[in-house]
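Have a look at the structure below before the remarks.
Residue numbers (my numbering), protein chains in the order written: chain A, 1 to 385; chain B, 1 to 181.
Here is the structure:
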């Protein structure tokens with residue numbers, strides 16, 4: 001029965017991602033409409049609710065065209081190479097608290113025989129959890145870069161190169177932002193990290209800088225605005241997926257939104273306490289803790305959409321400067337500060353949070369100071385020139 | 001069963017490695033390398049070395065080969081014509097060096113892969129999980145060699161920067177270019 005539980009969880013993850021994507025696409029168009037003071041899609045079904053269905057039928061019914069000069073093998077492999085990592089990354093997310101053995105599902109799977117403490121609602125409880133997520137996500141870049149190359153079109157190639165340069169640049173800051181959390185948690189297992197945050201111990205309170213860095217670099221990693229230079233339509237036609245049509249194009253869509261959902265899920269698990277809610281989760285049944293988790297994820301997905309219509313797209317040199325000259329030093333500084341605070345806490349038995357707060361404040365102060373000094377130096381240079 | 005799966009992954013790794021040097025198209029060569037890395041990663045998983053497996057996927061498949069691909073595409077390398085030169089002497093030297101390498105590798109395995117040593121390693125890993133015991137080995141027992149290796153990498157990086165920065169002109173006239181004005 002353990003096998004059945006594992007299979008059910010795997011099916012759940014794939015189904016969840018494939019189901020949340022159409023909702024996200026509709027949500028994106030509705031939120032965009034709301035932010036721009038218009039209605040958004042409102043023709044198909046009540047209030048436009050069936051729009052994703054219409055979109056899906058349209059994508060499926062369209063002919064899949066492959067231009068004559070493409071490298072056919074890689075051209076058709078590329079969308080799959082992008083989608084598969086997006087689906088695989090959900091394996092380490094703890095979706096709710098363990099499903100009790102005496103609940104309906106627990107009895108259905110006769111859980112008391114193999115897991116009397118309840119079935120963990122997490123597919124893979126491996127001791128390298130967070131690293132697994134990073135490794136899988138970093139494989140997604142192959143889909144983008146190969147789509148750009150196999151299409152045999154200079155705009156798609158430029159889009160693919162931009163995307164890969166961006167993902168490689170921001171991966172470092174993303175990893176370092178996560179490292180600060182790992183230093184505090186002392187484990188790579190996501191379910192243990194979530195359990196440590198029960199009560200009021202959400203890591204966003206200890207690590208606001210790391211949380212901010214993670215959120216920004218997650219935008220860059222998923223190629224979302226304002227980091228969507230890979231599909232910058234004014235310069236590159238449509239970017240790396242210009243030559244794709246029908247369902248192959250829809251696969252890129254699925255992967256992009258799936259990645260958004262999964263990076264939000266990791267963000268919630270690492271920084272916002274996953275399925276916990278200030279001790280309330282003790283009293284709630286497991287499916288309500290799943291709803292808590294889902295609510296937090298949707299909140300983040302809303303922020304993704306909100307950011308898109310708030311900040312204009314970066315220029316490529318601005319993107320690189322932000323990644324290498326600002327995000328990376330800040331993330332490194334944060335790791336040093338966090339390591340120092342944890343060391344002080346462990347060596348002299350000092351309470352953790354005042355030390356950490358002092359460190360984080362010093363870090364934010366240093367950032368403000370350097371940016372003020374930089375602005376001054378720039379202004380001086382401009383007056384001299 | 002698991003022995004057959006292991007054999008399949010080993011075969012995949014070997015086929016991928018051969019494809020890297022046999023394929024004419026550099027993009028396919030790089031992708032074959034990814035295949036090899038992945039098969040190696042799967043073998044590590046089957047051996048219970050999760051951290052090594054993930055590090056393999058993260059560092060080699062996720063970063064280094066992406067950079068290879070990046071360079072191949074930036075230089076716009078297309079399919080290469082087959083070599084027409086005779087390989088006589090080079091093949092002989094290559095075969096000799098290859099045999100030497102296999103000899104050294106086999107000798108190392110012969111001395112290291114003793115049952116009692118393996119059992120000891122398995123014991124250390126059983127106590128506190130693979131990642132933690134590996135970290136203890138790297139950052140406590142073997143900290144100095146570990147840092148020395150990182151210094152070698154750093155030296156190579158600095159060397160590259162120096163080569164590019166001062167290529168073709170003396171280091172004295174490196175006037176600072178301002179890239180934003």
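Virtual Cβ for every residue (Gly too), placed ideally from N, Cα, C.
Closest by C-alpha distance to residue 188 of chain A, out of A/200, A/128, A/197 and A/150, is A/128.
Neighbours of residue 23 of chain B across chain A, judged by C-beta separation under 8 angstroms, do not exist; the nearest C-beta is about 12 angstroms away. Against chain B, the beta carbon of residue 99 of chain A has no neighbour under 9 angstroms; the closest one sits roughly 25 angstroms away. When the beta-carbon positions are compared, residue 54 of chain B and residue 135 of chain A come within less than 8 angstroms of each other. Ranked by how close their Cα comes to the Cα of residue 13 of chain A, the residues A/66, A/31, A/26 and A/121 have A/121 in first place. Considering only beta carbons, no part of the segment 1 to 32 of chain A lies closer than 7 angstroms to chain B. For residue 130 of chain B, the neighbours in chain A by C-beta distance under 9 angstroms run, in chain order, 127 and 128. By the Cβ neighbour-count rule, residue 206 of chain A is buried, with 16 or more other Cβ atoms within 10 Å of its own.
Chain-ordered, the chain A residues with CB closer than 7 angstroms to the CB of residue 62 of chain B read 135, 138 and 139.
Taking C-alpha positions only, residue 216 of chain A is separated from residue 257 of chain A by approximately 16 angstroms. Residue 19 of chain A and residue 244 of chain A have their alpha carbons spaced roughly 23 angstroms apart.
Residue range 2 to 22 is occupied by the alpha helix (DSSP H) that includes residue 2 of chain B. Unbroken alpha helix (DSSP H) runs of no fewer than 4 residues, entirely contained in the segment 118 to 168 of chain A, are found at 129 to 150, following chain order. Contacts between residue 73 of chain B and chain A, judged by CB atoms closer than 9 angstroms, involve 145, 148, 149, 157, 160, 161 and 164 in chain order. The DSSP assignment places 286 to 308 as complete runs of the alpha helix (DSSP H) inside the segment 249 to 314 of chain A, in order along the chain (cut-off: 4 residues). Any Cβ of chain A closer than 8 angstroms to the Cβ of residue 139 of chain B would place that residue at the interface, and such an atom is absent. With distances taken between CA atoms, residue 60 of chain B lies nearest to A/142 out of A/306, A/200, A/142 and A/34. For residue 248 of chain A, the CB contacts under 6 angstroms within the same chain, skipping 5 residues up- and downstream, are 64 and 79 in chain order.
A residue is called buried once 16 or more other Cβ atoms fall within 10 Å of its Cβ, and residue 360 of chain A is buried on that count.
Secondary structure in the segment 33 to 101 of chain B: the alpha helix (DSSP H) runs of 4 residues or longer, each lying completely within the stretch, are 50 to 55 and 65 to 74 in chain order. If you look at residue 328 of chain A, you'll find it in the alpha helix (DSSP H) that goes 328 to 348. Close to chain B, meaning a Cβ-Cβ distance shorter than 7 angstroms, is no residue of the segment 304 to 329 of chain A at all.
Within chain A, no residue has its CB atom less than 7 angstroms from the CB of residue 35 of chain B, the nearest being about 11 angstroms off.
The bridge partners DSSP lists for residue 99 of chain A are A/119.
Contact between residue 255 of chain A and residue 86 of chain A holds: their C-beta atoms lie close to 5 angstroms from each other, under 8 angstroms. Around residue 246 of chain A, the same chain offers 59, 62, 63 and 64 as residues with beta carbons nearer than 7 angstroms, after the five sequence neighbours per side are excluded. In the structure shown, residue 37 of chain A adopts coil according to DSSP, grouped into three states. Here residue 304 of chain A is actually not in contact with residue 229 of chain A; their C-beta atoms are around 17 angstroms apart, not less than 8 angstroms.
Put simply, the backbone Cα of residue 153 of chain B is about 22 angstroms away from that of residue 34 of chain B.
Taken atom to atom, the span from the alpha-carbon of residue 107 of chain A to that of residue 26 of chain A is near 37 angstroms.
Counting only Cβ-Cβ distances below 7 angstroms, residue 157 of chain B has no contacts in chain A at all, with the closest Cβ about 14 angstroms away.
Residue 69 of chain B reaches chain A at 145, counting residues in chain order whose Cβ is nearer than 7 angstroms. Annotation: Cβ neighbours of residue 50 of chain B in chain A (cutoff 7 angstroms, chain order): 126, 127 and 128.
Residues of chain A whose Cβ lies closer than 7 angstroms to the Cβ of residue 161 of chain B do not exist, since the nearest Cβ in that chain is about 14 angstroms away. By the criterion of a C-beta distance shorter than 8 angstroms, residue 146 of chain B is surrounded in its chain by 138 and 139, once the five residues flanking it on both sides are discounted.
Secondary structure within the segment 30 to 85 of chain A: the alpha helix (DSSP H) runs of 4 or more consecutive residues, fully enclosed, are 51 to 61 (chain order).
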